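Here's the structure we're looking at; comments come further down.
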Amino acid sequence: MNIAIVGTGYVGLVSGTCFAEMGVNVTCVDVNEEKIRSLQNGNVPIYEPGLDQMVSRNVKEGRLHFTTDLRECLDNVSVVFSAVGTPPDEDGSADLQYVLAVARTFGQNIRKYTVLVTKSTVPVGTAKKVKAAIQEELDRRGEQIPFDVASNPEFLKEGAAIKDFMSPDRVVVGVESEQAKELMSKLYRPFLLNNFRVIFTDIPSAEMIKYAANSMLATRISFMNDIANLCEIVGADVNMVRKGIGSDSRIGTKFLYPGCGYGGSCFPKDVKALIKTAEKEGYEMKVLKAVEEVNEFQKSVVFNKLSKHFNGDLKGKTVAVWGLAFKPETDDMRESTALVIIKLLKDAGCNVKVFDPVAMDECRRRIGDSVYYCNDMYEAVLNADALLMLTEWKQFRMPTWSVVLKAMNQPVVIDGRNIYDSGELAENGFTYYCIGK
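Start counting at 1 in the sequence shown, then tack on 3, and there's your number in the working numbering.
So this is what it looks like as structure tokens:
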């Protein structure tokens, strides 16, 4: 089976590579010539464990191809996935210009029945706009070529994207016709060997499922952070509270871990977009507005604890930051708590030393040389007055505290992800702060 995927960002490249791994002949398309040349030379532009080896293997075996022109492969494919970006506009709504551009190119060039599948996260109602754009181009050509549109939202977690694609909880496919359903069933049939579910829905429901899922997870995070902040005030331990409510089978334990706020490419953008979609329909998403408000506040909690410890006098203090990416196993810093914290530290007159296993180059690209980039986690704490732990990378979980203590000017640790044991830190001579305790 031959397919094309337009967009070689995170979703497009991972999806295309995984389809190729399952025996599908895949052509990945991107207008960025430099990126395509890089991929053709075996260089993967994003960090995702295992992806570079999988790309190289499938290119070598002739199942994965790269081009800058969708027209080159349209005649040979039965399905085109649109995985281009949908960045938020200034008002938070999703920008669909790239999605509609793909639809227009599709309509200008198809010569046989083909399905255009939206993989990007898009607001409910986007499929209607995509279908109209395709039909408009066909009418302009004076052609009556059959086509279908479909929605196939992705549910990939950065750092575990390959596993998520190859062994997903579920695959959601929104279709309008039996022909499109049969084609998508054929495409996903190899994955059925792993006994996962393909859920077929109407297209608006498929579009909504993606936003609703991410918004629910964001809600659980913000709810737990709100509870954590109250725990500190009333003298409760949020870790005990989390275990207590998580043992209820109706609630469960996932996404109930308090911390210093969520970030990344999905949760912040999708929550904003769903709020905007509702506003356009005259409805207010009160819960999601609160979710967003709590999360923005939570990103400053670690800084507030630091400021309180030093009685508001941070000027000239040297602060070490462990972790820059919004979560482990990625170099993605979009909406990262670290960006908020670093700005607050710099505005307060601090000297900032940072270390992250993979996000150093991304940080330098975003904020330049306004901070000191360290070669390892122990260099970061050298002569530091405080250590802020913001991303729970595995290598940060069991530091040699005696080395850290000896290196620091003042033994202050503020744990934004609650990964350390307060008793152990106290025994080692540290003043320790965490979230919700």
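Where is the CB? At the ideal position from N, CA and C, for every residue including glycine.
Computed from a prediction, not measured in an experiment: that's the story for all the values here.
For Asp72, count neighbouring C-beta atoms within 10 Å of its own C-beta (all shown protein chains included) and say buried if the count is 16 or more, exposed if not.
exposed
Please work out which residues of its chain come closer than 6 Å, Cβ to Cβ, to Gly110, disregarding the five sequence neighbours upstream and downstream, and give them in chain order.
Ile137, Glu140 and Leu141
Considering only C-alpha positions, which residue in the set Val80, Asn314 and Glu338 is nearest to Phe270?
Glu338
Answer yes or no: do Val322 and Asp388 have a C-beta to C-beta separation smaller than 8 Å?
yes
If you reduce the DSSP assignment to three classes, tell me which class Met392 lands in.
strand
For Pro90, count the other beta carbons within 10 Å of its own beta carbon; 16 or more makes it buried, fewer makes it exposed. Which is it?
exposed
Cα-Cα separation between Asn378 and Val355, rounded to whole angstroms:
14 Å
Which term fits Pro414, buried or exposed, when burial requires 16 or more other beta carbons within 10 angstroms of its beta carbon?
buried
Only counting the same chain, and skipping five residues up and downstream in sequence, which positions put a Cβ closer than 7 Å to that of Thr470?
It is not possible to answer for residue 470, since the shown part of the chain is limited to 4 through 440.
Which two residues bound the contiguous alpha helix (DSSP H) that contains Leu54?
Leu54 to Lys63
Assign Met336 to buried or exposed, taking buried as 16 or more other Cβ atoms, counted over all protein chains shown, within 10 Å of its Cβ.
buried
Look at the Cβ atom of Pro149, then the Cβ atom of Tyr116, and state whether they are nearer than 8 Å.
yes
Check for me: the alpha helix (DSSP H) holding Asn5 runs from which residue to which?
Asn5 -> not in any alpha helix (DSSP H); beta strand (DSSP E) instead, spanning Asn5 to Val9.
Under 8 Å: do the region 365 to 384 and the region 280 to 294 share three or more Cβ pairs, one atom per stretch?
no
Quick one: what's got a C-beta closer than 6 Å to Leu390's C-beta in the same chain, skipping five residues either side?
Ala323, Val384 and Val416
Alpha carbons only, please: which of Ala135, Leu393, Met169 and Lys184 is nearest the one belonging to Ser154?
Lys184
Please list, in chain order, all residues of the same chain as Ser268 whose beta carbon is under 8 Å from its beta carbon, the five residues on each side excluded.
Tyr13, Glu161, Asp335, Arg337 and Glu338
Gln147, buried or exposed, once every other Cβ within 10 Å from all chains shown has been counted against 16:
exposed
Are the region 235 to 253 and the region 207 to 226 touching, with three or more C-beta to C-beta distances below 8 Å?
no
Using the beta-carbon count (16 or more within 10 Å), is Ser85 buried or exposed?
buried
Taking buried to mean at least 16 other C-beta atoms within 10 Å of its own C-beta, is Asp273 buried or exposed?
buried
Please classify Leu526: does DSSP put it in a helix, a strand, or coil?
The chain is shown from 4 up to 440; residue 526 falls before or after that span and cannot be answered.
Kindly provide the ranges of any alpha helix (DSSP H) runs that are 4 or more residues long and lie completely inside the region 278 to 358, ordered along the chain.
289 to 301, 304 to 312 and 340 to 350
Residue range of the alpha helix (DSSP H) that includes Asn112
Gln100 to Asn112
Closer than 8 Å is the cut-off here; do at least three beta carbon pairs connect the region 359 to 379 with the region 293 to 304?
no
Rounded to whole angstroms, what is the Cα-Cα separation between Ser1 and Lys131?
Any question about residue 1 goes unanswered here, given that the chain covers just 4 to 440.
Taking 6 Å as the limit between beta carbons, can you name the residues of its chain near Leu119, skipping five residues before and five after?
Val83, Phe109 and Val152
Enclosing alpha helix (DSSP H) for Arg245 [first to last residue]
Val241 to Gly249
In angstroms, rounded to a whole number, what distance separates the CA positions of Gly426 and Tyr436?
11 Å
Work out the CA separation of Phe358 and Ala410 for me, nearest whole Å.
15 Å
I'd like the span of the alpha helix (DSSP H) that includes Arg442, first residue to last.
The question about residue 442 has no answer here: the residues shown for the chain are numbered 4 through 440.
Contacting residues, own chain, Cβ-Cβ under 6 Å from His68 (five flanking each side not counted)
Thr30
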